[in-house]
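Student: Using our numbering, you'd call the opening residue of the sequence shown number 26 and step up by one each time. Glycine residues also receive a C-beta, built at the ideal position from the N, C-alpha and C atoms.
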Amino acid sequence: MKKILVFLFFLTAVSTSACHCLSFKEAQKQSRTTNKFILVHFINDTQIEWDMSVFRSYQSLESRIGVVESFIYVCVTKESNGMLYAKYHIINSPAFLIVDANGLELFRDSNFKNPEEFIAALQNYSYPDTFLCNCLKSFHKNTCYNAASRLAQNYFDYSITLDKNFRSYAGKAAKSYLNEAQKLLPKNDPMLAEKNQKIALLKLYYWAYQNNYALLDEKLEDFLVSSIYEDNKSTFYFLKYIAAKALKKDDFGQIQTQANQLESFDYFVKKAALILEEEKLVQSN
Numbered sequence: 026m027k028k029i030l031v032f033l034f035f036l037t038a039v040s041t042s043a044c045h046c047l048s049f050k051e052a053q054k055q056s057r058t059t060n061k062f063i064l065v066h067f068i069n070d071t072q073i074e075w076d077m078s079v080f081r082s083y084q085s086l087e088s089r090i091g092v093v094e095s096f097i098y099v100c101v102t103k104e105s106n107g108m109l110y111a112k113y114h115i116i117n118s119p120a121f122l123i124v125d126a127n128g129l130e131l132f133r134d135s136n137f138k139n140p141e142e143f144i145a146a147l148q149n150y151s152y153p154d155t156f157l158c159n160c161l162k163s164f165h166k167n168t169c170y171n172a173a174s175r176l177a178q179n180y181f182d183y184s185i186t187l188d189k190n191f192r193s194y195a196g197k198a199a200k201s202y203l204n205e206a207q208k209l210l211p212k213n214d215p216m217l218a219e220k221n222q223k224i225a226l227l228k229l230y231y232w233a234y235q236n237n238y239a240l241l242d243e244k245l246e247d248f249l250v251s252s253i254y255e256d257n258k259s260t261f262y263f264l265k266y267i268a269a270k271a272l273k274k275d276d277f278g279q280i281q282t283q284a285n286q287l288e289s290f291d292y293f294v295k296k297a298a299l300i301l302e303e304e305k306l307v308q309s310n
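(1) Can you tell me whether E288 is helix, strand or coil according to DSSP?
(2) Excluding five sequence neighbours on each side, which residues of the same chain lie with their C-beta closer than 8 Å to the C-beta of L203?
(3) When you compare the CB positions of L47 and I185, do they come within less than 8 Å of one another, or not?
(4) Could you check whether the segment 149-157 touches the segment 56-72, counting it as contact only if at least three pairs of C-beta atoms, one from each stretch, sit closer than 8 Å?
(5) In whole angstroms, what is the alpha-carbon distance linking F290 and N167?
(6) Spatial neighbours of N149 within its chain, please: CB distance less than 6 Å, with the 5 preceding and 5 following residues excluded, ordered by chain position.
(7) Would L287 pass as a contact of A268 if the rule is Cβ separation under 8 Å?
(8) Where do the N-terminal and C-terminal ends of the alpha helix (DSSP H) with L229 fall, by residue?
(9) From I68, V65, I97 and N69, pick the residue whose C-alpha is nearest to that of K54; which is it?
(10) Within the same chain, show all residues whose beta-carbon is closer than 7 Å to that of F181, passing over the 5 residues directly before and after it, in chain order.
(11) Apart from the five residues just before and just after P211, which ones in its own chain have a Cβ nearer than 7 Å to its Cβ?
(12) Kindly indicate the opening and closing residues of the beta strand (DSSP E) around C100.
(13) Report the rounded CA-to-CA distance for G278 versus A284, giving the unit in angstroms.
(14) Taking Cβ positions, are H165 and N221 nearer each other than 8 Å?
(15) Taking Y254 as the reference, give the member of N236, Q281, L217 and K244 with the closest Cα.
(16) Leaving out the 5 sequence neighbours to the left and right, which residues in its chain are closer than 6 Å to F132 when beta-carbon positions are compared?
(17) Look up A120 in the DSSP assignment and give the residues it is bridged to.
(18) Indicate whether I68 and V101 have their beta-carbon atoms separated by less than 8 Å.
(19) Which of helix, strand or coil does DSSP assign to E130?
(20) Ends of the alpha helix (DSSP H) at P140?
(21) For F62, does the three-state DSSP call read helix, strand or coil?
(22) When the distance is taken between beta carbons, is E205 closer than 8 Å to N257?
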């Protein structure tokens with residue numbers, strides 16, 4: 026029997042008996058060692074029978090195989106872990122969440138009338154790239170500003186690999202880690218203003234990676250060129266370069282000239298090309 030159908034029978038078995046799968050903490054440990062995201066299954070322990078109409082809907086998708094085992098699976102009942110229910114604001118169950126090794130939510134499905142979206146989410150989030158996983162591990166080992174900001178940037182890069190419908194989820198994860206980076210900044214840090222500016226610029230990556238260049242361009246107007254710290258210029262001009270090129274602005278040539286004077290800006294030009302080229306591919310489809 027195909028893998029996804031086997032998995033569905035497993036979920037049914039879990040729903041009709043006590044939950045004996047991994048603890049959430051153990052799932053997090055395995056997530057870090059296997060480079061997999063976590064699939065959290067919240068089970069209704071007061072109405073434990075699986076909705077068979079839902080089950081049949083998933084059965085019809087049995088041809089979509091090979092994605093479920095790309096996750097660390099953990100089941101949770103309110104009785105066994107009410108704190109986790111509260112943390113993720115689970116009101117109705119059953120529900121599925123996809124979270125990273127640090128427990129950050131990437132996707133949730135509590136509307137089983139549309140199993141196609143859930144299967145698409147499983148396909149998109151199966152096996153995150155190595156760079157992202159390494160950053161997740163680094164953040165766990167050393168929870169600091171640098172680790173959080175690097176992780177956020179990797180989430181933005183990772184979003185390009187996802188279908189258009191799922192990019193915003195990865196982008197929101199990136200913004201969550203940027204917010205965390207800001208919280209982790211010591212108030213007496215001698216580079217506080219520079220690092221806060223870096224976070225503000227990195228948050229604009231969201232609009233670049235979402236291909237919302239008009240809004241990106243509008244938000245960049247809040248930054249005076251003269252106010253940009255030296256170490257933040259590559260980030261600033263990367264965003265200016267993308268917006269100007271995508272919108273075919275008259276000052277693109279001037280921006281390009283200024284950007285090319287920065288050391289190693291070729292890296293950002295290649296990254297910009299990936300973002301702009303990916304948008305063309307999406308539009309052509």
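Tutor: So, to answer that:
(1) Position 263 of the sequence shown holds residue 288. If DSSP states are grouped into helix, strand and coil, E288 belongs with coil.
(2) Translated into positions along the sequence shown, residue 203 becomes position 178. Same-chain partners within the cutoff: A173, S174, A177, I224, L227 and K228.
(3) The residue labelled residue 47 in the question sits at position 22 within the sequence shown. The residue labelled residue 185 in the question sits at position 160 within the sequence shown. No Cβ-Cβ contact shorter than 8 Å links L47 with I185.
(4) yes
(5) For this step, residue 290 is matched to residue 265 along the sequence shown. For this step, residue 167 is matched to residue 142 along the sequence shown. Whole-angstrom Cα-Cα distance: 29 Å.
(6) Here residue 149 corresponds to residue number 124 of the sequence shown, with the count starting at 1. Excluding positions up to five away in sequence, the list reads L187, D188 and F191.
(7) Taking the sequence shown and counting its residues from 1, the one referred to as residue 287 is at position 262. Taking the sequence shown and counting its residues from 1, the one referred to as residue 268 is at position 243. A distance of 8 Å or more separates the beta carbons of L287 and A268.
(8) As a first step, residue 229 must be located in the sequence shown, where it is residue number 204. L229 -> no alpha helix (DSSP H), and no H or E assigned at all.
(9) Position 29 of the sequence shown, counted from the first residue, corresponds to residue 54. Nearest option by C-alpha distance: I97.
(10) The residue given as residue 181 occupies position 156 in the sequence shown. Within its own chain, the residues whose Cβ lies closer than 7 Å to the Cβ of F181, once the five positions on either side in sequence are excluded, are G196, A199, Y230 and Y234, listed in chain order.
(11) What you label residue 211 is simply residue 186 of the sequence shown in a count that begins at 1. The answer is none, since no qualifying residue turns up.
(12) The sequence position of residue 100 within the sequence shown is 75, counting from 1. Element bounds for C100: F96 to T102.
(13) Counting from 1 along the sequence shown, the entry for residue 278 is found at position 253. Counting from 1 along the sequence shown, the entry for residue 284 is found at position 259. Roughly 10 Å separates the two Cα atoms.
(14) Locating residue 165 in the sequence shown gives position 140, counting from the first residue. Locating residue 221 in the sequence shown gives position 196, counting from the first residue. No, the pair does not count as a contact, with Cβ atoms beyond the cut-off.
(15) The count along the sequence shown starts at 1 and reaches residue 254 at position 229. With distances taken between Cα atoms, Y254 lies closest to L217.
(16) Position 107 of the sequence shown, counting from 1, holds the residue named residue 132. Within the same chain, F132 has close Cβ partners I123, A146 and Y194.
(17) In the sequence shown, the residue the question calls residue 120 occupies position 95. Partner(s): F67.
(18) Counting from 1 along the sequence shown, the entry for residue 68 is found at position 43. Counting from 1 along the sequence shown, the entry for residue 101 is found at position 76. Going by C-beta atoms, I68 is nearer than 8 Å to V101.
(19) Taking the sequence shown and counting its residues from 1, the one referred to as residue 130 is at position 105. In this structure, E130 counts as strand in the three-state DSSP scheme.
(20) Sequence index remark: in the sequence shown, residue 140 carries index 115 (1-based). From DSSP, the alpha helix (DSSP H) with P140 extends over P140 to Y150.
(21) Here residue 62 corresponds to residue number 37 of the sequence shown, with the count starting at 1. Here F62 sits in strand by DSSP.
(22) Taking the sequence shown and counting its residues from 1, one reaches residue 257 at position 232. Taking the sequence shown and counting its residues from 1, one reaches residue 205 at position 180. By the CB criterion at 8 Å, N257 and E205 fall outside the cutoff.
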